[in-house]
Amino acid sequence: MSDTSPGPAPMPPLRLPDSDYGSVLADQLRLNGMPEAKVREVVAEVEDHVATTGQDPVEAFGQPVDYAAQWQPFSWRHGLTQMAVGIGVAAAGGSVFAAVFTGVLEPGPWTNPVLLNSTTLLLFGLLALNLGVIPWTLMALAVRREGRWLGTGRPKYDWTLRLGGGVLAGVGFGLFVWWAGSWDVGSVHGPPRWLTLVAGLLLAPLALRLGPKPGDRRRPSPPGIPPQPWWRQAWRALRGRG
Numbered sequence: 001m002s003d004t005s006p007g008p009a010p011m012p013p014l015r016l017p018d019s020d021y022g023s024v025l026a027d028q029l030r031l032n033g034m035p036e037a038k039v040r041e042v043v044a045e046v047e048d049h050v051a052t053t054g055q056d057p058v059e060a061f062g063q064p065v066d067y068a069a070q071w072q073p074f075s076w077r078h079g080l081t082q083m084a085v086g087i088g089v090a091a092a093g094g095s096v097f098a099a100v101f102t103g104v105l106e107p108g109p110w111t112n113p114v115l116l117n118s119t120t121l122l123l124f125g126l127l128a129l130n131l132g133v134i135p136w137t138l139m140a141l142a143v144r145r146e147g148r149w150l151g152t153g154r155p156k157y158d159w160t161l162r163l164g165g166g167v168l169a170g171v172g173f174g175l176f177v178w179w180a181g182s183w184d185v186g187s188v189h190g191p192p193r194w195l196t197l198v199a200g201l202l203l204a205p206l207a208l209r210l211g212p213k214p215g216d217r218r219r220p221s222p223p224g225i226p227p228q229p230w231w232r233q234a235w236r237a238l239r240g241r242g
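Residue 72 in UniProt numbering sits at position 72 of the sequence shown, with consecutive numbering throughout.
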């Protein structure tokens, strides 16, 4: 006699808070190069629809990466511009380090020039790679992955991305240590120490003017509320409040 008892009830679909979907969608739109004002409008429309109908946002609009592409396809030009944010911050850190490091090696007035040699050039390259190119690329891949599998139970960030970033950073540091002592391009005098320090301190907040970076998880403000000026964003970042 066959068993006619009903099987286990099917699992209901995973419903996402509209705020989670809106945050991920905003990240995808920013990564694609959509202006912040338009991002706020699109996210507001999505969340208004979800609040009105009670429909799951993934069921209504699809995965965030696909829905974002309908509004704004990915632009490599914008992607390279955003990568320049990380490189700019790295250059700022390198400028400050060069100004201070030169003063330690050769004490003297701040009008003395910064000494540029193979070590400082390699350090600048290492900072740009490890603080600019690698983090931006890995975070962009992680953001894409999250926007493609939202609500499916898959991990948001692949551990291989983090491991790969650590390996690349370690290899870069190892090459720096090995190469710094064997490669010599001579020494040249750069700008004055004070100018290098000022340039480094100004570069980081100015880089914030280029816009958000992938993975910042910042929700857009509702339409009608003007965005914060770049100098206020820089001040909040320096205070550790994002």
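Just so it is clear, CB atoms sit at the ideal spot from N, CA and C, and this is done for glycine as well.
Between methionine 34 and glutamine 72 a beta carbon distance of about 4 Å is seen, short of the 8 Å cut, so the two are scored as contacting. Shortest Cα-Cα distance from leucine 202 to any of Thr53, Gly94, Gly174 and Leu123 involves Gly94. For proline 192, the beta-bridge partners assigned by DSSP are Pro113.
Taking a 10 Å sphere around the C-beta of leucine 138, we find 16 or more other C-beta atoms and assign the residue as buried. With 16 or more other Cβ atoms inside 10 Å of its own Cβ, alanine 142 counts as buried. If you compare the alpha carbons of Asp27, Ala51, Gln82 and Asn32 with that of tryptophan 136, the shortest gap goes to Gln82. With a beta-carbon spacing of about 7 Å, glycine 147 and aspartate 27 fall inside the 8 Å limit used to define contacts. Under the three-state reduction of DSSP output, glutamine 28 falls in the helix class.
Annotation for tryptophan 71: the continuous alpha helix (DSSP H) segment containing it runs 64-71. The three-state secondary structure of glutamine 55, taken from DSSP, is coil. Rounded to the nearest angstrom, the gap between the Cα atoms of glutamate 45 and alanine 60 is 12 Å.
Membership of tryptophan 149 in any alpha helix (DSSP H) is not indicated, and neither H nor E is assigned to it by DSSP.
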